[in-house]
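Enquirer: Just so you know, the protein sequences line up as chains A and B, in that order. Going letter by letter, the first sequence gives residues 1 to 220 in the working numbering. Going letter by letter, the second sequence gives residues 221 to 440 in the working numbering. Beta carbons: idealized from backbone N, C-alpha and C, even for Gly. All values derive from a computational prediction rather than experimental measurement.
Number of protein chains: 2
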Amino acid sequence: MTSDPIRVLLADDQENIRHAFRIILDSQPDMTVVAEAATGTAAVEQARHLRPDVVLADIRMPGLDGLEVTRLLAGPDVPDPVRVVVVTTFDLDEYVHTALRNGACGFLLKRSGPALLTEAVRAAMSGDTLISPQVTVRLLRHLTTPPPRPARTGAARLTDRELQITRLVARGHTNADIATILFISPGTVKNHIAGIQNKLGTRNRVDIAAWAWESGIMTS
Amino acid sequence: MTSDPIRVLLADDQENIRHAFRIILDSQPDMTVVAEAATGTAAVEQARHLRPDVVLADIRMPGLDGLEVTRLLAGPDVPDPVRVVVVTTFDLDEYVHTALRNGACGFLLKRSGPALLTEAVRAAMSGDTLISPQVTVRLLRHLTTPPPRPARTGAARLTDRELQITRLVARGHTNADIATILFISPGTVKNHIAGIQNKLGTRNRVDIAAWAWESGIMTS
DNA sequence: CGCAAGATGTGCCGTTCGGCACTGGCGGCG
DNA sequence: CGCCGCCAGTGCCGAACGGCACATCTTGCG
């Protein structure tokens, strides 16, 4: 009663990650990796062409990121959606909501073991949704305790000064502006921002702004 | 670096189920079944006496059911809660909500394979929560239903293309990224962004991001 | 047909940002 | 006391951004 294996498309910009995932998945008798993509655009093209059963998509990719890939392949308006499992490295990502809203059939942290990876693929194949246990915890807090959520992910890691500067960055102020506002030198602003980048895993100030708005520190 | 194994207590009224779970869990190098209980009351007693790391509790049990066991061992008012993973055959919504409200660190369907069972135990040990993919699907429907629609200020002024680029900017993409995503030249991206700046009255791309997040076009 | 608007493209140039290395002051803590 | 985290500052340099002018091409509309 061995039916056809689950055909999986890997989308990640890091070659070693793709390789590791391929080894794990191909070791399973009921699934096979049919293609790999190093960019989001390539992933979408390959998915539309090959019609895999499941797409494993990293969030951080050059060009089209995993969330956009998900929306294009599994979004609400897509006629014949593909099952997409979103994979990411940092659980400080507030991307869970976006991923699920964009139609993702799973949300996995890369540090999750091989067992969860394969189970996530099987769940997606069945139309179910597996979410990493670490993520589920926070997701449930949003469910059971909607209003009070001051302990934002990673926000605790930021010092008061960094938080202050984060807000100013998110409002569109330049480093010079912030320096004037806080009566410090522009170079110091840069140093603080560098620290923020390290802690949040962001790459530029717009990333910081996106995190700030998404995490709620701008509206609360 | 092998730390102590995870000590598990099995609570199920069916002997063959307990036996199957014990075989699965004991086959794992990092966990061991320290006791079994056939009733809810026995489960609570054993748990309080043995202090296991994780309790696997079936819902359908004579006397105290698994949900009550969960509340007694992991409820909000319990001083030193035990991690409880609720296991059941029936994925009724009421079960899930009650279990999680009572402090469960996991919700598993018995039809889930051994991989999810062991992963659920490890997740519970870490303070995380694993939920069966079949259950998650319906849980998310309750979660993703209530997003309201805020007024989009001035968004009508932006063309479709500009709106598209605005979203990409707000996600932290560089002009080169956006160019790759949309298959256009970086210069064109700059032109579009210049148009957006004029229409929105913003001064830089972080301003655009702030507007995007504030106006609701990122979350709707 | 003629015109306007949108989308796409090129080139130039100054400003800003982001990464890196390094120094120093200040307050808490073992 | 010394160590460490936070805050502050300086310098350098390549990459990215922002503004400007200008040139197609398509589409829709009167």
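1. Is L329(B) helix, strand or coil when you go by DSSP?
2. Can you list, in chain order, the residues of the region 161–190 of chain A whose Cβ is nearer than 9 Å to any Cβ on chain B?
3. Out of H393(B), R331(B), G421(B), state which residue places its alpha-carbon closest to the alpha-carbon of V409(B).
4. Does DSSP classify I428(B) as helix, strand or coil?
5. Tell me whether V82(A) sits in a helix, a strand or coil according to DSSP, three-state version.
6. Kindly say whether P5(A), judged by its beta-carbon, lies nearer than 8 Å to any beta-carbon of chain B.
7. Give the interface partners of Q354(B) over in chain A, defined as CB-CB distance under 7 Å, in chain order.
8. Could you run through the region 86–113 of chain A and flag, in chain order, every residue whose CB is less than 9 Å away from some CB of chain B?
9. Which of the three DSSP states is assigned to M438(B) in this structure?
10. For E265(B), count neighbouring Cβ atoms within 10 angstroms of its own Cβ and tell me buried if that reaches 16, exposed if not.
11. Any C-beta of chain A sitting closer than 8 Å to the C-beta of D273(B)?
12. Going along the chain, which residues of its own chain have a beta-carbon closer than 6 Å to the beta-carbon of S27(A), five neighbours each way excluded?
13. What residues from chain A crowd round E339(B), counting only those whose CB sits closer than 9 Å?
14. Let's test the definition: count the other Cβ atoms within 10 Å of the Cβ of L50(A) and tell me whether it reaches 16, buried, or not, exposed.
15. Go to L158(A), then tell me how far its alpha helix (DSSP H) extends in each direction, as first and last residue.
16. Which parts of the region 17–77 of chain A are runs of the alpha helix (DSSP H), unbroken and 4 residues or longer, counting only runs that do not cross its ends?
17. Nearest by alpha-carbon distance to G283(B): which of D233(B), G421(B), S435(B), A390(B) is it?
18. Between which two residues does the beta strand (DSSP E) carrying L9(A) extend?
19. Identify whether T129(A) lies in helix, strand or coil by the three-state DSSP scheme.
20. Listing by chain order, which chain B residues have their CB less than 7 Å from the CB of A123(A)?
21. How far does the alpha helix (DSSP H) with T98(A) in it extend, from its first residue to its last?
22. Against chain B, with Cβ distances strictly below 8 Å, would A194(A) count as a contact?
23. Can you pull the chain A neighbours of V357(B), defined as C-beta to C-beta under 8 Å?
24. Could you tell me which residues DSSP puts in a beta bridge with T88(A)?
25. Suppose the cutoff is 8 Å on Cβ atoms and the five residues either side in sequence are ignored; what does the same chain contact list for T441(B) look like?
26. How would you label T159(A), buried or exposed, when you count the other beta carbons within 10 angstroms and need 16 or more for buried?
27. List the residues of chain A that N424(B) touches, going by C-beta distances under 8 Å, in chain order.
28. Which first and last residues belong to the alpha helix (DSSP H) in which T188(A) is found?
29. Verify whether the separation of the beta carbon atoms of V84(A) and T98(A) is less than 8 Å.
30. Tell me the DSSP secondary structure of A324(B) in three-state form.
31. Can you give the Cα-Cα distance for P301(B) and A277(B), rounded to whole angstroms?
32. Compute the Euclidean distance between the alpha carbons of N102(A) and P79(A), then round it to the nearest angstrom.
33. On a CA-only basis, which of A399(B), L328(B), F241(B) is nearest V254(B)? Give me that one, please.
34. In three-state terms, what does DSSP make of T386(B)?
35. Strictly below 7 Å CB to CB, what residues from chain A border D427(B)?
36. Can you tell me whether P296(B) is buried or exposed? The criterion is at least 16 other CB atoms within 10 Å of its CB, across all chains shown.
Expert: Looking at the atomic coordinates:
1. strand
2. V169, A170, R171, G172, H173, T174
3. H393(B)
4. helix
5. coil
6. no
7. D128
8. H97, T98, L100, R101, C105, G106, S112, G113
9. coil
10. Under the 10 Å beta carbon count, E265(B) is surrounded by fewer than 16 other beta carbons and is classified as exposed.
11. no
12. A distance below 6 Å between beta-carbons, with the five flanking residues on each side excluded, links S27(A) to no residue of its chain.
13. S112, G113, A115, L116, E119, P133
14. exposed
15. Under the DSSP assignment, L158(A) falls outside any alpha helix (DSSP H); it carries neither an H nor an E label.
16. 40–50, 66–74
17. D233(B)
18. 6–11
19. coil
20. P353
21. 95–101
22. no
23. G127, D128, T129
24. L109(A)
25. With chain B covering 221 to 440 only, the question about residue 441(B) has no answer from this structure.
26. exposed
27. G172, T174
28. 186–200
29. no
30. coil
31. 15 Å
32. Whole-angstrom Cα-Cα distance: 14 Å.
33. F241(B)
34. helix
35. G172
36. P296(B) is exposed by the Cβ-count criterion.
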